[in-house]
Each structure stands twice: as C-alpha cells, then as structure tokens.
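J.: Order-wise, the sequence lines are chains A and B.
Residues in the first sequence are numbered consecutively from 1, following our numbering.
Residues in the second sequence are numbered consecutively from 640, following our numbering.
Here a beta-carbon is modelled for each residue, glycine too, at the ideal position from N, C-alpha and C.
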Amino acid sequence: MTFPVSYLPQRWVTHVVLLALVVIGANLIAASLRAPGYTLTIGGSLDRSLVGGFYASQVNRDGPRYRWTSDDASVTMYGPMIRAGALLSLNFGWLPPGTAAPRRVDLQIDDSPWTHLALPDQPRRYQLLLPPGSLADGVIYLHLRCDTTLVPSDDRPLGVRLNSATLSWPRATPPWPTAPMLLAQITVLLSWLASARTIRLANWPALIVAGLLLGAMVFVAAAATIVLAQPWLVSLAYASVVGYGICRGLVTLAPRIAPTASTGFLRVILLITLAALALRLVGLLYPSFLSHDLVINSQWFANVQFGTLALIGRPYEFRGRLSVISPTMFILAAPITLLGSRANALQGLYGLADGVTPLLTALLALRLGLNERAALVAGTLIAALPMLFTALFWGFPLQIVGQALSLGLLVVMADDRPYRTPGWLLVGLLTVIVFLIHNGVLLLIGVCLGLYVLLCFGLQRAEGWRWRMWGAVLIGASLCALLLQYFDSARLMLAEIMAGPAAVVPTATAESEAFRTSQIWVGLHASFAPLSVPLVALGLVYLTWRSHGHQRLLSIAWIGSALLFFGVDLLIGLQVRYSYFIAPLACVGVAALTERIQGRLAGRLVTLALVALVVAVGASLWVNGAFYGTRPSVNALTH
Amino acid sequence: MRQRTFDLRSFALILGLTAFGAVWATYNLMHVGSIRDESTVRPLVWVVFATPFAILLGWLVARRREMGLAFACCFSLYFFSFFVAQRIESLILSPEQASAGGHGLYFWMMIGIHVTAGVGLAIGRATEVAAGEPTAGRRPAPTPESPAQAGDQP
Numbered sequence: 001m002t003f004p005v006s007y008l009p010q011r012w013v014t015h016v017v018l019l020a021l022v023v024i025g026a027n028l029i030a031a032s033l034r035a036p037g038y039t040l041t042i043g044g045s046l047d048r049s050l051v052g053g054f055y056a057s058q059v060n061r062d063g064p065r066y067r068w069t070s071d072d073a074s075v076t077m078y079g080p081m082i083r084a085g086a087l088l089s090l091n092f093g094w095l096p097p098g099t100a101a102p103r104r105v106d107l108q109i110d111d112s113p114w115t116h117l118a119l120p121d122q123p124r125r126y127q128l129l130l131p132p133g134s135l136a137d138g139v140i141y142l143h144l145r146c147d148t149t150l151v152p153s154d155d156r157p158l159g160v161r162l163n164s165a166t167l168s169w170p171r172a173t174p175p176w177p178t179a180p181m182l183l184a185q186i187t188v189l190l191s192w193l194a195s196a197r198t199i200r201l202a203n204w205p206a207l208i209v210a211g212l213l214l215g216a217m218v219f220v221a222a223a224a225t226i227v228l229a230q231p232w233l234v235s236l237a238y239a240s241v242v243g244y245g246i247c248r249g250l251v252t253l254a255p256r257i258a259p260t261a262s263t264g265f266l267r268v269i270l271l272i273t274l275a276a277l278a279l280r281l282v283g284l285l286y287p288s289f290l291s292h293d294l295v296i297n298s299q300w301f302a303n304v305q306f307g308t309l310a311l312i313g314r315p316y317e318f319r320g321r322l323s324v325i326s327p328t329m330f331i332l333a334a335p336i337t338l339l340g341s342r343a344n345a346l347q348g349l350y351g352l353a354d355g356v357t358p359l360l361t362a363l364l365a366l367r368l369g370l371n372e373r374a375a376l377v378a379g380t381l382i383a384a385l386p387m388l389f390t391a392l393f394w395g396f397p398l399q400i401v402g403q404a405l406s407l408g409l410l411v412v413m414a415d416d417r418p419y420r421t422p423g424w425l426l427v428g429l430l431t432v433i434v435f436l437i438h439n440g441v442l443l444l445i446g447v448c449l450g451l452y453v454l455l456c457f458g459l460q461r462a463e464g465w466r467w468r469m470w471g472a473v474l475i476g477a478s479l480c481a482l483l484l485q486y487f488d489s490a491r492l493m494l495a496e497i498m499a500g501p502a503a504v505v506p507t508a509t510a511e512s513e514a515f516r517t518s519q520i521w522v523g524l525h526a527s528f529a530p531l532s533v534p535l536v537a538l539g540l541v542y543l544t545w546r547s548h549g550h551q552r553l554l555s556i557a558w559i560g561s562a563l564l565f566f567g568v569d570l571l572i573g574l575q576v577r578y579s580y581f582i583a584p585l586a587c588v589g590v591a592a593l594t595e596r597i598q599g600r601l602a603g604r605l606v607t608l609a610l611v612a613l614v615v616a617v618g619a620s621l622w623v624n625g626a627f628y629g630t631r632p633s634v635n636a637l638t639h
Numbered sequence: 640m641r642q643r644t645f646d647l648r649s650f651a652l653i654l655g656l657t658a659f660g661a662v663w664a665t666y667n668l669m670h671v672g673s674i675r676d677e678s679t680v681r682p683l684v685w686v687v688f689a690t691p692f693a694i695l696l697g698w699l700v701a702r703r704r705e706m707g708l709a710f711a712c713c714f715s716l717y718f719f720s721f722f723v724a725q726r727i728e729s730l731i732l733s734p735e736q737a738s739a740g741g742h743g744l745y746f747w748m749m750i751g752i753h754v755t756a757g758v759g760l761a762i763g764r765a766t767e768v769a770a771g772e773p774t775a776g777r778r779p780a781p782t783p784e785s786p787a788q789a790g791d792q793p
C-alpha cells in the first residue's frame, strides 16, 4: 500500500488566508466573551514560567500565597495588543522585618525605566497606568529593582513581598490577539490538518469539521488562560510541526516495517499514535507544568551544554551509590534549545519519544503473531497506561527515551528477515545509543539481548545468521559503549565499592528490609494498574506459549531480563525499573488474551471496556497531573 | 559495475557548507570566549551543531536520494563527536584545567572533528558514483542502452 504525501490543495494560499480570517474572528469573539483583565497570583500554580528573580513560593498564615523578590526580579505578563489605557495593579505585602521604610522599588518595563514606588511597612496595592504603547506587542516584561535585607534565621537577601499582579484593559478597546499567537494558532491547525490529510483520515469536509473543533479547543484555551496562552501556543506550534514531520516519516516507514499490514490498520494505529503524541505534548508544553525532576535534569543539561560530559550523581534507584549519569539524552536534546527553553527541549523530546510507543507496540504485536485488531488493542493500552504518564509527570527523560529506543530495537529483533550491511550498521548505531542512554536501560536491554543470543545459539541453530549477527551487534555495541562512557563509570563505581558499601549505604535492619520487600510488591501492583498483575502475568505466559520460533525466544529473553532484575531488587535493592521495561510486552500479552474472545460480541465488549478503563484512568491521571498539579504516586516506577 | 569519476558539484556543495558551518561555529565560539553562563548557551549549541547540520544540508542539496544515509552519517558525526572530543580533552587536560578553561579545547576539538569528517564525506561522496547514476541528483530517463537498475539505490 502507499500513502499520498501531498497534503495541501493547489489553492492552499486561499485556504490559509481563509483560515487566518477564521482564526482572527474566533479570537476576537473569544476575547469579547472574557473579562478585560486577569490577576496573576505570585506564588500560585501559574506563575512558575512567568517570574524570574523571585524566591520560592510561600503561604501566609491567613492563606494567600506570595514570593519575596531578590534585588532584581521580573514578571512577564501577556495580554491582547492594546495601544493605550491598560492598567497594572501590584499588590505588595509587609516589608522584611528590620527594613527601614519606605523601601524604594524601581520599576522598569521592557528594559526602559518607568517609575519608582516608595513602599511603607504595610500591605499596599498600587494601580498604575501603563505607558502608551507598552502593551502594543501584547506582552510586558516588568522588572522590580530594590535594596535587600538579611533577616535573622534566613540567609536570603529579601527585597519586597509581591502577592499578585493584575493586568486590565478597557472593555471598549478591541483586544487584538498578538501576531505570535495568531501565527501559532494557524500553524497548529494547519499542521494537524496536514497530518490528518497525510494519513488519509478523511476527505476535506470532515477535515474542516475536525479543524473547527480543534480551533475551538485552541481558542477556548486561549480565552480561558490568556495568562499562558501565547507561550503555550508557540510551543504547541513547534511541536505540531515536528509532529507533522514524524507523521510523514511514519507514513513512509510503517508500510516498510509492516508490509503485510492493511491500510486500515496503519491508518488507525497512526491516528492512535498522533492522539497519544497530542495528549502528551499538550500537557508537557503547558507553561506551568514542570516535571518533578526537571530542576536536576536541567542542571545536568546545562553542564553538557557548557562542555562537561562527566555527570556524577547518587540516584535513589542505586540506593545512593555513586553513578555516572549519561549525557546522551542531553546531547540529543541540545539542538532543540536553539528553538526554545531547556525545559521545553527536555520535556518535548521525551514526550515525542513516548508518543511513538503505541505504533512500536502495535508493530511488535504484529511481529509476535497477533492479528491487527489485537495489535490495535496493544497500541491503545500502552498509549494510555498510567505508568507511562507517571514517568512523564515525574520527568525521567533518560528512562523514557531509553525505553522508546529499546522498544524500537526489540521491534527490529522481532523481525524475521536478515538485513543487508547498511541495515545492520543502523541497528548497531541504535544499539549503541540505547546502551549509552542510561545505566538501567543498558542492564535491562543488554541482558535481554544477551539471553536472546544465547537462546538462538542453543535452540535456533538452523538460522545461524541470527545469533551470529545479533551476537556481533551485542559485542560491538558493548565495546563501543564501554570505550565511550562506561569505562569511566566502571572505574568510579569500582572505587566506590572498594571504599566499602557502608560508607554510602545505610545499614539495613530487619524491619527496613521487610518494609522494602513489601514496597516492591506494592510497586509491582501499582505499575500495571488498572491492569492487574495476575492478568499481566497470564498474558505474558500466554503470549510466550502461542508465539513460535525466534519470537518465542525473544519473549522469553524479555521476560527473563525483567525477572532477573526483579530478583536483584528483592535481594539487594538495585532498582532498574523492570516493570516499565516490560510494559510494552505486557500490553501485547493482555491484547493476545483478548484475541481469543474477539469473535463474540460479548468478548468485543469486554475488550472495549478494558481499553476504556485504561484510557480513562491514564488520561485523567495525566490531565490532573499536568494541568492541576496533582502528583501521581511514584510507586509505579520505583521498581 | 562502478566507475570512478569525481562529482565536483557534490564535492563543492558538501565542502562549501562544511566550511560555512565551521565558520559559524568558530564565530560563536570566539564570540563567547571563556564565558559560560545562560547567555552563552545558544552560541555553544551552535558550536557543536552547526557543522554537522550544514554538512547534512549540503549533502541533501547535492544528493537528495541519499537522505537516509545523509541523516545517519551526520547524526553519527554529531553524536559521537561529543564523546571523542571529551576523551581527547581528558587525555590532554586534567578535569580541573578543562573546567577552568571553560572546556575551550573540547569545543575546538569538536569543530576540528566536524571539519575533518566534512572533508572526508565530501571526498567520499564525490568519488562514490554508481554506474548509471547521475552526478548531481538528476536522474536521466531510462533508455534501452542504460536501464534504471535496482542497484542505483544507495
């Protein structure tokens, strides 16, 4: 089968102009429906990407949140394009104890001096008329500069306390949306319409309806959260263009990877993949969403950008033992920082990698012998599995990207055909990257690949190329990874072990060991929720039993690697996230169980209910985490 | 059967864009000097990214049909040069010396590796002309004398 890749009609200029008019009109309608202004609570859930030079959020005894400024702080406030008449209200709290009142605060807008305030030692609210033209581009960068005070028992030099900032504009003035926002909205719409067109989702009338729905969502978002709409939409525009590129690539590659798959199957699985990508990116790129580990990952990222590739940490997963953190993920993400922030580069990249997982899982299911419907079930299950969203929320970029690349490698391993030399070189390159990206991923996939080679050597002698070539890939990639990175890592870790484990690992008591063991079981159950562990185990056993030839050996090697590290976790507490590693195969196993009951209506309803349950739990977990800051339990990822 | 000819257009395009990328990388590195703060992040990213990206552009303009090979080679160049440059730096300087100098040697090594690889790729692609394959990405219409062959695929 072939997909046409031309996506725009010949009269595309007309369509773009019409779309722009629709977008402008919809923005004006949306703007007229909302209040002419908004209040940004400093220290609230939305301000993290909008303030600079402030200290951490604090809560007053009687409720309101606030932040202390340093000597130079800034607040970015987005609004519509207004030439004159916009008002800025600043709500200050008490001065730091021991400060001589009044404290002078110099205000600066867009790098130009504006005015100064003399703050008394009591809460005050100042309402200021913004200079004409300052909101003409739809954004103001307000700087607050003042002296600081050191108070007892606090080593922070404190400036002034800001509780909130309010931006308002006259209702009579037409609030034109800004050019970046319009451009971003048009780009988002065009990209997704083009993606839909690329996979021949529908003809043009249906696409127009879909586009209008999508547009409505964008405009509602813009109207409801004008405080964050512009940075969010600009990020989404970049992601949408990349998503379209991925869509084009997948449309070209998917029929080659699965030549026997039907057009309908490829179309639906690409649609599921695009939906998974969109769901992830909409949350990950929301400006107020910062994944839990973003601060430490950003620090490591900065080190790599400044030329330091030797990153050393003591991760919790290794029970505080010294470990070298691989710079691979940060090397891959570095060019994206030419387009956006470090946070968006990291979160966007691992969102993209994770978003492709449904397609890879479905292709794996096909290669393991499942029918197309069961493969779609497997793809949907992995797309919405809560454990994956938990990883996105907590921000484990090395594991997430490592997992996606490992899955790609395992899909290649499940192939029946030998490759030509360039193909094997590409497989080798992929294996090296997978080995380099994270210690835990290296252990899991390395053992899996090693077991697979051994099993092929012992049981598949007739197809000798398989164990020889995969053995060569394993040895070559291991040597390469050792030379490039793990030589130093091994040297450091050996020195640590020689220094004595008691130096860094607290001595375990019987109670703490019992608690740790019980937590392993808790984590295991949380990992596959809402799928139960017995169901997952049954699916894995059934999948292994029903598959044949080297695919069965691959399943055994995959399960064997996970079980081995489960045993290691039980014995010495070394965590390498074996549940996360086996999640795609677990979804394929559960999908294989549903294959048996697809012939009956009741069976299809049961399958649908199972998929709906996973989607509902996963999506609600993600939406609550990304937009409302509800932290999902990390238990699912502790093992 | 392969004939050895020199594809001057491919050579010039890949080498020219390699030079352009290297000049841009060098400009950025000289511009930031030994300063390492948030204001120098983008220039430093350009230092490590500009030349492989430029080589890729040159390669794609010269031989669009080799897109897969071009992506694989340029990605490998970009990716592995970090590790190679870091390893060379660690052989010459102690970690403290390297850190004190803002890893200047490491960044210069990166540019050097990229330029060397760019020149090698330009020569390699210019001399790698398959029988019957056009030299500048243009595909002649198949004739009874020179039928299109499956071996044209890189």
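Under 8 angstroms by Cβ, that's how I've got L144(A) and T69(A) pegged, so tell me the actual separation to the nearest angstrom.
T.: Indeed they touch by this definition, with Cβ atoms about 6 angstroms apart.
J.: Between which two residues does the alpha helix (DSSP H) containing H670(B) stretch?
T.: Where H670(B) is concerned, the enclosing alpha helix (DSSP H) stretches over 647-671.
J.: Around the C-beta of S164(A), are 16 or more other C-beta atoms found within 10 angstroms, so that it is buried, or is it exposed?
T.: Flag for S164(A) reads buried.
J.: Determine, for I331(A), whether the minimum Cβ-Cβ distance to residues of chain B falls below 8 angstroms.
T.: So yes, I331(A) belongs to the interface.
J.: Residues in its own chain within less than 7 angstroms of Q127(A) by CB, not counting five upstream and five downstream?
T.: Closer than 7 angstroms at Cβ, skipping near neighbours: L87, S89.
J.: Applying the criterion that 16 or more other CB atoms from any shown protein chain within 10 Å of the CB defines a buried residue, is T115(A) buried or exposed?
T.: By the 10 Å Cβ count, T115(A) comes out exposed.
J.: Hey, is L656(B)'s beta-carbon within less than 8 angstroms of any beta-carbon in chain A?
T.: No, L656(B) does not count as interfacial toward chain A.
J.: Go ahead and label P584(A) buried or exposed: buried means 16 or more other beta carbons lie within 10 angstroms of its beta carbon, across all protein chains shown.
T.: Answer is buried; the Cβ neighbour count reaches 16.
J.: Using a Cβ-Cβ cut-off of less than 9 angstroms, give me the residues of the segment 338-349 of chain A that come near chain B, in sequence order.
T.: Taking 9 angstroms as the Cβ-Cβ cut-off against chain B, the residues of the segment 338-349 of chain A that qualify are L338, R342.
J.: Where does H550(A) fall in DSSP's three states?
T.: H550(A) falls in the helix class under three-state DSSP.
J.: Bridge partners for A653(A) per DSSP, in chain order?
T.: The structure shown does not extend to residue 653(A), since chain A spans only 1 to 639, so no value can be given for it.
J.: Does the segment 359-376 of chain A come close enough to the segment 299-317 of chain A to have 3 or more Cβ pairs within less than 8 angstroms?
T.: Touching, no, given that fewer than three Cβ pairs across the two stretches are closer than 8 angstroms.
J.: Quick one: measure Cβ to Cβ for L388(A) and D354(A), integer angstroms, because I've assumed they're closer than 8 angstroms.
T.: Indeed, because the Cβ distance is near 6 angstroms, the residues count as touching under 8 angstroms.
J.: So, at 8 angstroms on beta carbons, what are the nonlocal neighbours of L442(A) in its own chain, with the 5 sequence-adjacent residues on each side left out?
T.: Within the same chain, L442(A) has close Cβ partners V434, F435, L436, A481, Y486.
J.: What's the C-alpha gap between T198(A) and F565(A)?
T.: In a straight line, the C-alpha of T198(A) is about 42 angstroms away from that of F565(A).
J.: Can you tell me where the beta strand (DSSP E) holding M77(A) begins and where it ends?
T.: Its beta strand (DSSP E) spans residues 65-78.
J.: Would you identify the three-state DSSP class for V680(B), choosing helix, strand or coil?
T.: In the structure shown, V680(B) sits in a helix (DSSP, three-state: H, G or I).
J.: For a cutoff of 8 angstroms on Cβ pairs, would you count Q122(A) as touching chain B?
T.: Taking Cβ atoms only, chain B never reaches closer than 8 angstroms to Q122(A), which makes this a no.
J.: Based on the DSSP secondary-structure assignment, which residues constitute the bridge partners of I718(A)?
T.: In the structure as shown, chain A begins at 1 and stops at 639. Residue 718(A) is therefore absent and cannot be evaluated.
J.: Hey, is A711(B)'s beta-carbon within less than 8 angstroms of any beta-carbon in chain A?
T.: Yes, its Cβ sits closer than 8 angstroms to a Cβ of chain A.
J.: Runs of 3 residues minimum, wholly inside the segment 130-165 of chain A: which ones carry the beta strand (DSSP E) assignment?
T.: Listed in chain order, they are 139-146.
J.: In chain B, which residues lie less than 8 angstroms from A334(A) when you measure between Cβ atoms?
T.: In chain order: V684, V687, F688.
J.: Compare the C-beta of Q725(B) against all C-beta atoms of chain A and say whether one is closer than 8 angstroms.
T.: Closer than 8 angstroms to some Cβ of chain A, the Cβ of Q725(B) qualifies, so yes.
J.: For the alpha helix (DSSP H) containing F721(B), list its first residue and its last residue.
T.: Segment 706-731, the alpha helix (DSSP H) holding F721(B).
J.: If you draw a straight line from the C-alpha of L189(A) to the C-alpha of V139(A), how long is it?
T.: Going from the Cα of L189(A) to the Cα of V139(A) covers about 23 angstroms.
J.: Of all the options R342(A), T357(A), S561(A), P632(A), which has the alpha carbon lying nearest to the alpha carbon of L250(A)?
T.: If we check each option's Cα against that of L250(A), T357(A) comes out closest.
J.: Can you say whether R491(A) is buried or exposed, counting buried as having 16 or more other CB atoms within 10 angstroms of its CB?
T.: Exposed: under 16 other Cβ atoms inside 10 Å.
J.: Give the list of continuous alpha helix (DSSP H) stretches no shorter than 4 residues that lie fully inside the segment 218-292 of chain A.
T.: As far as the segment 218-292 of chain A is concerned, its whole alpha helix (DSSP H) runs of at least 4 residues are 226-257, 263-284.
J.: Between the C-alpha atoms of H742(B) and F306(A), what's the straight-line distance to the nearest angstrom?
T.: Cα to Cα, H742(B) sits roughly 8 angstroms from F306(A).
J.: Counting only Cβ pairs nearer than 7 angstroms, list the residues of chain A close to Y745(B).
T.: Simply G307.
J.: Contact between the segment 396-404 of chain A and the segment 688-703 of chain B is defined here as three or more beta-carbon pairs at a separation below 8 angstroms; is this criterion met?
T.: The segment 396-404 of chain A, when compared against the segment 688-703 of chain B, does not touch it at the 8 angstroms Cβ threshold.
J.: D154(A): buried (16+ other C-beta within 10 angstroms of its C-beta) or exposed?
T.: By the neighbour-count rule (16 or more Cβ atoms within 10 Å), D154(A) is not buried but exposed.
J.: Distance cutoff 8 angstroms, beta carbons only. Does Q485(A) sit that close to anything in chain B?
T.: Yes, because at least one Cβ of chain B sits closer than 8 angstroms to the Cβ of Q485(A).
J.: Does DSSP put Y55(A) in a helix, a strand or coil?
T.: Looking at Y55(A) - three-state DSSP - the assignment turns out to be coil, as it is neither helix nor strand.
J.: Got a sec, what are the start and stop residues for the beta strand (DSSP E) L117(A) sits in?
T.: Note, L117(A): beta strand (DSSP E), 112-119.
J.: Is there at least one Cβ from chain B nearer than 8 angstroms to L90(A)'s Cβ?
T.: Chain B, which has no Cβ nearer than 8 angstroms to the Cβ of L90(A), makes this no.
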